[in-house]
Structures are given as C-alpha cells and as structure tokens.
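Trainee:
Number of protein chains: 2
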Amino acid sequence: MPGPTRATTLADVAAAAGVSLSTASLAFSGNKPVSASTRERVLAAAAALGYAGPNPLASNLRRGRSGVVGIAVGQLSTAFRDPAALPMLDAISQVLGAAGLGLLLMGDDDEHARLPIDAAIYDICGRDSWAAYDDLVARDVPVVVVEGPTWPGATYVDIEHRRGAKALAKHLHDLGHRRVATVTLAASHAQREREAGLRDVFPDAHVVGACASDLGAAQALAADYLAGDPGVSAVVCQSDVQAAGVVLEARRRGLRVPGDLSVAGFDGVATPWLDLELTTVVQPLADKGRATAEAVLGRIAGADVADVLLPVRLRVGDSTGPA
Amino acid sequence: MPGPTRATTLADVAAAAGVSLSTASLAFSGNKPVSASTRERVLAAAAALGYAGPNPLASNLRRGRSGVVGIAVGQLSTAFRDPAALPMLDAISQVLGAAGLGLLLMGDDDEHARLPIDAAIYDICGRDSWAAYDDLVARDVPVVVVEGPTWPGATYVDIEHRRGAKALAKHLHDLGHRRVATVTLAASHAQREREAGLRDVFPDAHVVGACASDLGAAQALAADYLAGDPGVSAVVCQSDVQAAGVVLEARRRGLRVPGDLSVAGFDGVATPWLDLELTTVVQPLADKGRATAEAVLGRIAGADVADVLLPVRLRVGDSTGPA
DNA sequence: CGTTTCGATCGAATCGATTCGATGCTACCC
DNA sequence: GGGTAGCATCGAATCGATTCGATCGAAACG
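In order, the protein sequences belong to chains A and B.
Going from the first sequence to the numbering used here is simple: count from 1 and add 1435.
Going from the second sequence to the numbering used here is simple: count from 1 and add 1435.
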C-alpha cells in the first residue's frame, strides 16, 4: 500500500532503487537513454513507495516552464455564451493539449499576472485594453492576440473583418437595399473594421445600437428599434446570434423575413432554433483556433512567428432578399 | 527602460537596493513587517531593473502551491454549449479568483496529471470514470466531484436529482398524464438518479433515447420518435435545451404544446428563443458553483469538508398541461 | 543606568527536480 | 593489443524564491 507518508521525493525513489538521483530522473523523463533494467528497477521502487512521478512544481522551476497557457476571456459567461467561441476554443485546447499544454482561464484582473503561465492568449475580448498586458510583457510572457488591436510585441491572429463586411454589404446593395441599419458589438478593433467595410458600401448606414452576442439582448435592442418604424429594409448584425434575435423580434412584430426585412449575421455558426438559414459571413473558427495555438507554440519555442490573417466567405442564406 | 537582459532575479534587486535577499522577499510578499523606507528602496530598485516581481515558478515550488485549480469538463465544446454550465462556471471562477486561484481546463486525458494543480474539480461530465483520477489521488491532489458518482476521498457537491425528477413526474401525473416518455443524458450518476425519480411515479416510462444537452441532437431524436406516433402525452427531458428541441420538433410536426404534447425540462435556464416558459426543475446553478469552489478552498486549506446536497424546485410553466 | 522587549534585518537551509560535464566500462576496429 | 567510440551512470551545480532562527539596535521599563 502507498504509505500515508507524503513527501516521497525522487531522491527517495533513487535510494530505494539503488541508483543516483540523476539516473532516476532520466528513468522518468527519458531525456537520455537509460538501460531497460535500470528503468524497471526505478519504476518498481516508485510504485512500492507510492511515488506518483516528479513533482510538477519542482520540474517547472528547473525547466523554466509551467506547461500552462493563459487565455483571457473577460467574464466567462459572456465569453462562452457565444457559440462562435466554442469551436475556436476547442481547436486551441486540442492543439495545445497535444503539445502537453494546459489552458488557464484568465479574467481581466491582474491577479492572474502572478500565476505561472508560459504564454497568454487574448481572445474573444472585444476590448481595446487589458490591465494585465504590461505585466505580461514585463515578465517576458509571449502574447497572442486574436482579433485585437495591435500592441507592440504581440503576435496577431485575425480574420478579414472589413472584406467580409463589405462583401455582405455589396450583396445587400445588389438586392436593391439602400437604407440599412446595423447592430454592433462593443467598440473594438474588430467592430471598427467591420463597420468600415459596411460603410464602404452604405456610408450612412444607421447604427441601431451595441449589444453583446446574446439573443435576448439583440431582441430587446431590435424591439426598441423596430417600434420606431425606422424605414430600413435590412439589418446587418455582427453575429449570427444577434441576427437570430432580430429575426425573432421582427416576426413577433409581424414582419416577414426576408419579405419585409432582410437580416444578416456574422460568424457562420449553426442556429438550429431558426427555421431559416441566415445570410452571414462565415469565418473559419477552427482554423482561427489552430492558428492561434500554433502561434503560441511557436512563441514559446522562441521562434519568430508571423501574424495570421484568415479569409472569410459570404454565405447567402434565406434571411436576405430583394428590397 | 527595462533592459533587454532577462533573468533579473530577486537577488539582483536585493543587491541593487543594498538589502539582503530575505528582506527583498519580504518587501514583495509582505509576510513580515518591513520598514517603509526599505520597502520603497526595494521597489525602486526593482522598477529600475525592470523586475516584474517574484518568479511564480520558484515561488510555487517553495510554497508547494501553484495557485491553479483544474476543472475537468471533457470536451470543451460539448461542456460549454450547455447554458446550464455557464452560471456555475462563472460562480466557481469568481470565488476562486477572489482567492487568487486560477482555473485550468482539463480534458479527460491524463496528460493533465503532469500539470501543476492544487486541486481538481470534476464537473459537467456525465461520466462515471476518469482516467486521471487515480493519478490525482496518488499525488494527493484534493478532488471535488460535482453531480458525480462517489469515489473514495473526494468531496461531493450534488443536487436533489431524484426528488426533483419525482416532483416533476407527480405534476404530470396530477395533470392526468399516464403514458410518458423521457429523453435521457448519457449514462451517469445524475441520469440514474433522475430516472429513478421519474419511475417512482411512472414505473414504465419509455426511454426515447440519450443525447447531449444539445438542441439539434434532441430535435433529431424527437423527430425519429414522434414520427412513430408513440402515443405518449408527455415527454420529460433532462435539460431545458433538450426540452426546447422537443418542443420545436413537435411543432414542426403540427403538434401543439402543451395542447397535444406536454414537454418538461430540467435546469431552469433561460430559453429566449422559445415563446413559452418551460415547465422544469430549477436547480441553483450559481449556488452549486459557489459550493464547489468553497469546497475546493477548504480542501486546499486541509480542512475536513462536508459533502453538499443542494435543493431543487419545480417550476410550472406553459409547456405542460392536462393530458 | 542596566535590563528586557520588540521590530527590522540578515544568513543559511530548503523546496524537488533537471542537466552539464566527467567517469568508468564495454565493444569495436585495424 | 592499443586506441577509440559510445553508452550508462554518477556527482554537483542550478533554477529563484520563502522562511526559520539568530542577531543587532533602539525603545521602554523599573
């Protein structure tokens, strides 16, 4: 039985196995060849002592790595409520997990500056500043920013916000729309780019208001707006969830989509609770996650990592039609 | 400017400030009183050298703590797609964050056994076994299990699955329902308890099938089932999301809810895309998260922590009616 | 004025591993 | 058979902090 005595160290195991500390270490890490018989003797001794492997804390200090990557997401519930966040997060955790790295959730507070992370991902934030960023830089922690503003020293992964938004706007223009409104996200790099793309085609598009990528919030926003009978023929949203909210609210008011009102989204996620397919700008969520994770791996390895800009694609669905 | 020379250590700072290493340490940690003038001198020296505070890795080793708590959630995208998961996760991260602890996402693989965590939460899993559990026990890492099966040495946080399910079943029985079906989750402790509660009232309830708490999956399941014209007057689901899927599918087939079919859920989350309020069993999600986090804190502190069983409450909405 | 107390500071031990360079040994080659 | 590789093993240094116990002065006390 594994004795109740804790604090079994590798030194104890080495002593029990009759080898040196360094050899015991090699038997576990495999960083240098060890004869099969020796390795077995060490592992047997470890099992007998109830030793569960090298203490990660000690190992981390010596190697100068924690094996943990922080990901800043602001408040969890808002960050993950957006279905667009999940495929990306999944891809990130898959790639990092395969490399033996764990993913640590960080809020905005700089509490987290004290936690042992090898790199940080700034994502899903829709924010322009992060308190902890300077601390990370000071500690030489590599940072990868997703869809964020450009800070010195970070690596960037982004998508073609402007081109996508412009393609969507063009699609609406081609359908004959002339007066359009847009539901925005909170002020951020991504939001500014997308709005620029929209205004490339509709310079005087009206801003309905800003809200998170949340069905209820978008619905409430749309309720106010549509009640005023604004005289627009299309509403461009910045996420599919927002778009779904607008569709639901429009219908509740007796408007037909796309007959009376065209509605467009962004992201290209599944909206199973809608009986139509949204016209939207599809972004490669999994690719974005993979690219982010790979950038992190590169930066941790000390490599020079190039910024990444991923393409988007207009998907025409059933939620937009002739003006 | 903070020189490009890394590897500035506390010893360098101490030397620059003309104090001993131990005093410099105290100036940062505040674990023992240090005269104000000394502290200032140390901090000034640190700023001049571009020293960003004690290396967390070294600090961790010495204190025997990493400040990180692992949370096992299986695959991220399935775990977080369920809206019931978020309020709980939020509460956990809030309580742990206030205590200066970070939250590390763990998959099922035992890769994570090598990561530096002070405690682990097994949650949102709907699974009966976890590969890494034994490793954690061997390493003396406290484990808190949420809605899970009882393993030796862990602390449990759970809700009244059976009582809740039974109360809901009773409600349906009172409405005159006699033939009911149930959509289940994957086999798990929670699922078994709930099914037992249902069978306390409807011993021969029919099992439609199992699926995750996912709208599309539930919809597909319901499509198959309802096509067979099964002759039940009510469907009891194990999450509100499942219930929403069943409602949508029933309507698609021309059934009125609750006129032709009563549908009930579990969890008590918001379903803004449904125009009715689900009859459901409301569980205290935030409380569950708080209780979990507090159990973790207690276990880390080495205290004896009692298991927690949280009450649930039947909420009668518009999705159930007379048979 | 001598003694006790208390607070600030310091030196040294310690946390538990990884890894560099050196050593001893066997095997191989001409 | 002498010299050289090459592999397994070992000893010692190291990662960068935290903390215990000791020391030193100055303030407080009788």
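Virtual Cβ for every residue (Gly too), placed ideally from N, Cα, C.
Can you name the residues that DSSP bridges to residue 1706 (chain B)?
Mentor: If you number the second sequence from 1, residue 1706 (chain B) lands on position 271. Answer is none; residue 1706 (chain B) lacks a bridge partner.
Trainee: Any C-beta of chain B sitting closer than 9 angstroms to the C-beta of residue 1570 (chain A)?
Mentor: Counting from 1 along the first sequence, the entry for residue 1570 (chain A) is found at position 135. Output row for residue 1570 (chain A): interface = yes.
Trainee: DSSP state of residue 1754 (chain B), grouped into three classes?
Mentor: In the second sequence, the residue the question calls residue 1754 (chain B) occupies position 319. Coil.
Trainee: What did DSSP end up calling residue 1552 (chain B) once you bin it into helix, strand or coil?
Mentor: Translated into the one-based positions of the second sequence, residue 1552 (chain B) becomes position 117. If DSSP states are grouped into helix, strand and coil, residue 1552 (chain B) belongs with coil.
Trainee: State the DSSP-derived secondary structure class of residue 1505 (chain A), mapped to helix, strand or coil.
Mentor: Taking the first sequence and counting its residues from 1, one reaches residue 1505 (chain A) at position 70. Of the three classes helix, strand and coil, the one that applies to residue 1505 (chain A) here is strand, per DSSP.
Trainee: Is any beta-carbon of chain B found at less than 9 angstroms from that of residue 1719 (chain A)?
Mentor: Mapped onto the first sequence, residue 1719 (chain A) falls at position 284. Residue 1719 (chain A) does not count as touching chain B.
Trainee: Which residues of the stretch 1640-1656 of chain A have a Cβ closer than 7 angstroms to any Cβ of chain B? Give them in chain order.
Mentor: Per Cβ criterion, the list reads 1650, 1651, 1654.
Trainee: At the level of alpha carbons, what is the spacing between residue 1518 (chain A) and residue 1717 (chain B)?
Mentor: Here residue 1518 (chain A) corresponds to residue number 83 of the first sequence, with the count starting at 1. Here residue 1717 (chain B) corresponds to residue number 282 of the second sequence, with the count starting at 1. When rounded, the distance between both Cα atoms is 23 angstroms.
Trainee: Out of A:1703, A:1599, A:1461, state which residue places its alpha-carbon closest to the alpha-carbon of residue 1494 (chain A).
Mentor: Within the first sequence, the letter at position 59 stands for residue 1494 (chain A). Closest option to residue 1494 (chain A), Cα to Cα, is A:1461.
Trainee: Put residue 1574 (chain B) into one of helix, strand or coil per three-state DSSP.
Mentor: Within the second sequence, the letter at position 139 stands for residue 1574 (chain B). Coil, per DSSP.
Trainee: What is the DSSP secondary structure of residue 1436 (chain B), reduced to helix, strand or coil?
Mentor: For the purposes of this step, residue 1436 (chain B) is taken as the residue at position 1 of the second sequence. The predicted model places residue 1436 (chain B) with a pLDDT of 37, which falls under 50 and marks its position as unreliable; any figure quoted below should be read in that light. Three-state result, residue 1436 (chain B): coil.
Trainee: Check the Cβ-Cβ distances between residue 1753 (chain B) and every residue of chain A, and say whether any is below 9 angstroms.
Mentor: Against the second sequence, residue 1753 (chain B) aligns to sequence position 318. Residue 1753 (chain B) does not count as touching chain A.
Trainee: Look at residue 1552 (chain B) and residue 1512 (chain B) and say whether their C-beta atoms are less than 9 angstroms apart.
Mentor: Counting from 1 along the second sequence, the entry for residue 1552 (chain B) is found at position 117. Counting from 1 along the second sequence, the entry for residue 1512 (chain B) is found at position 77. Against a cut-off of 9 angstroms, the Cβ pair of residue 1512 (chain B) and residue 1552 (chain B) comes out as no contact.
Trainee: For residue 1575 (chain A), which option in B:1758, B:1604, B:1449, B:1442 has the closest C-alpha, if you only look at C-alpha atoms?
Mentor: Here residue 1575 (chain A) corresponds to residue number 140 of the first sequence, with the count starting at 1. The option with the nearest alpha carbon to residue 1575 (chain A) is B:1442.
Trainee: Taking the alpha carbon of residue 1446 (chain B) as the reference point, which residue from B:1711, B:1557, B:1708, B:1481 has its own alpha carbon closest?
Mentor: Residue numbering aside, residue 1446 (chain B) sits at position 11 when the second sequence is read from its first letter. It is B:1481.
Trainee: Mind checking if residue 1701 (chain B) is an interface residue toward chain A, Cβ cutoff 9 angstroms exclusive?
Mentor: Taking the first residue of the second sequence as position 1, residue 1701 (chain B) is located at position 266. So no, residue 1701 (chain B) is outside the interface.
Trainee: Could you tell me whether the stretch 1664-1673 of chain A touches the stretch 1690-1702 of chain A, where touching means 3 or more Cβ pairs closer than 8 angstroms?
Mentor: Short answer: they touch.
Trainee: Hey, could you find the ends of the beta strand (DSSP E) residue 1591 (chain B) is sitting in?
Mentor: If you number the second sequence from 1, residue 1591 (chain B) lands on position 156. 1590-1594 is the extent of the beta strand (DSSP E) around residue 1591 (chain B).
Trainee: Which residue or residues does DSSP assign as beta-bridge partners of residue 1537 (chain A)?
Mentor: Here residue 1537 (chain A) is taken as the residue at index 102 of the first sequence, counted from 1. DSSP output for residue 1537 (chain A) lists A:1503 as bridge partner(s).
Trainee: Chain B partners of residue 1603 (chain A), CB-CB under 8 angstroms?
Mentor: For the purposes of this step, residue 1603 (chain A) is taken as the residue at position 168 of the first sequence. Those within 8 angstroms of residue 1603 (chain A) in chain B number zero; the least Cβ separation is about 23 angstroms.
Trainee: What is the DSSP secondary structure of residue 1585 (chain A), counted as helix, strand or coil?
Mentor: Residue numbering aside, residue 1585 (chain A) sits at position 150 when the first sequence is read from its first letter. Three-state result, residue 1585 (chain A): coil.
Trainee: May I ask which residues mark the beginning and end of the beta strand (DSSP E) holding residue 1744 (chain B)?
Mentor: Numbered from its first residue, the second sequence carries residue 1744 (chain B) at position 309. From DSSP, the beta strand (DSSP E) with residue 1744 (chain B) extends over 1743-1745.
Trainee: What is the rounded straight-line gap between the Cα of residue 1586 (chain B) and the Cα of residue 1565 (chain A)?
Mentor: Locating residue 1586 (chain B) in the second sequence gives position 151, where the first residue counts as 1. Locating residue 1565 (chain A) in the first sequence gives position 130, where the first residue counts as 1. Answer to the nearest angstrom: the Cα atoms are 41 angstroms apart.
Trainee: May I ask you to report which of helix, strand or coil DSSP gives residue 1486 (chain B)?
Mentor: The residue given as residue 1486 (chain B) occupies position 51 in the second sequence. Residue state, collapsed to three classes: coil.
Trainee: Whose Cβ in chain B lies nearer than 9 angstroms to the Cβ of residue 1637 (chain A)?
Mentor: Position 202 of the first sequence holds residue 1637 (chain A). The contacting residues do not exist; residue 1637 (chain A) stays about 29 angstroms from chain B at best.
Trainee: Could you work out which residues of chain A lie near residue 1510 (chain B), taking near to mean beta carbons separated by less than 8 angstroms?
Mentor: Reading the second sequence from its first residue, position 75 is the one you call residue 1510 (chain B). Going along chain A in sequence order, the residues near residue 1510 (chain B) (Cβ under 8 angstroms) are 1525.
Trainee: Please identify the residue among B:1449, B:1632, B:1621 whose C-alpha is closest to the C-alpha of residue 1648 (chain B).
Mentor: Translated into the one-based positions of the second sequence, residue 1648 (chain B) becomes position 213. With distances taken between Cα atoms, residue 1648 (chain B) lies closest to B:1621.
Trainee: So, with DSSP's three-state summary, where would you put residue 1648 (chain B)?
Mentor: Numbered from 1 along the second sequence, position 213 holds the residue referred to as residue 1648 (chain B). Coil.
Trainee: Helix, strand or coil for residue 1459 (chain A)? Go by DSSP, reduced to three states.
Mentor: The sequence position of residue 1459 (chain A) within the first sequence is 24, counting from 1. Looking at residue 1459 (chain A) - three-state DSSP - the assignment turns out to be helix.
Trainee: Tell me whether residue 1748 (chain A) sits in a helix, a strand or coil according to DSSP, three-state version.
Mentor: For the purposes of this step, residue 1748 (chain A) is taken as residue 313 along the first sequence, with counting starting at 1. Correct three-state label for residue 1748 (chain A): strand.
Trainee: Given that a residue counts as buried once 16 or more other Cβ atoms are within 10 Å of its Cβ, and exposed if not, what is residue 1491 (chain B)?
Mentor: Along the second sequence, one-based indexing puts residue 1491 (chain B) at 56. The residue in question, residue 1491 (chain B), is buried, as its Cβ has 16 or more Cβ neighbours within 10 Å.
Trainee: Taking CB distances under 9 angstroms as the criterion, tell me whether residue 1437 (chain A) reaches chain B.
Mentor: Position 2 of the first sequence, counting from 1, holds the residue named residue 1437 (chain A). Bear in mind that the predicted position of residue 1437 (chain A) carries a pLDDT of just 37, short of 50, making it unreliable; the figure below should be weighed with that in mind. By this cut-off, residue 1437 (chain A) is an interface position.
Trainee: Which residues, taken in chain order from the stretch 1529-1554 of chain B, show a beta carbon closer than 9 angstroms to some beta carbon of chain A?
Mentor: Here the close residues are 1529, 1532, 1533, 1535, 1536, 1537, 1538, 1539, 1540, 1541, 1542, 1544, 1546, 1547, 1548, 1549, 1550, 1551, 1552.
Trainee: So which of B:1753, B:1735, B:1749 has the shortest CA-CA distance to residue 1578 (chain B)?
Mentor: Position 143 of the second sequence, counted from the start, is the residue given in the question as residue 1578 (chain B). Nearest of B:1753, B:1735, B:1749 to residue 1578 (chain B), Cα basis: B:1735.
Trainee: So which residues on chain A does residue 1502 (chain B) lean against when the C-beta distance must stay under 8 angstroms?
Mentor: Your numbering for residue 1502 (chain B) matches position 67 in the second sequence. Near residue 1502 (chain B) (Cβ distances below 8 angstroms), the residues of chain A are 1549, 1550, 1551.
Trainee: Where does residue 1726 (chain B) sit, in a helix, a strand or coil, going by DSSP?
Mentor: Along the second sequence, one-based indexing puts residue 1726 (chain B) at 291. In this structure, residue 1726 (chain B) counts as helix in the three-state DSSP scheme.
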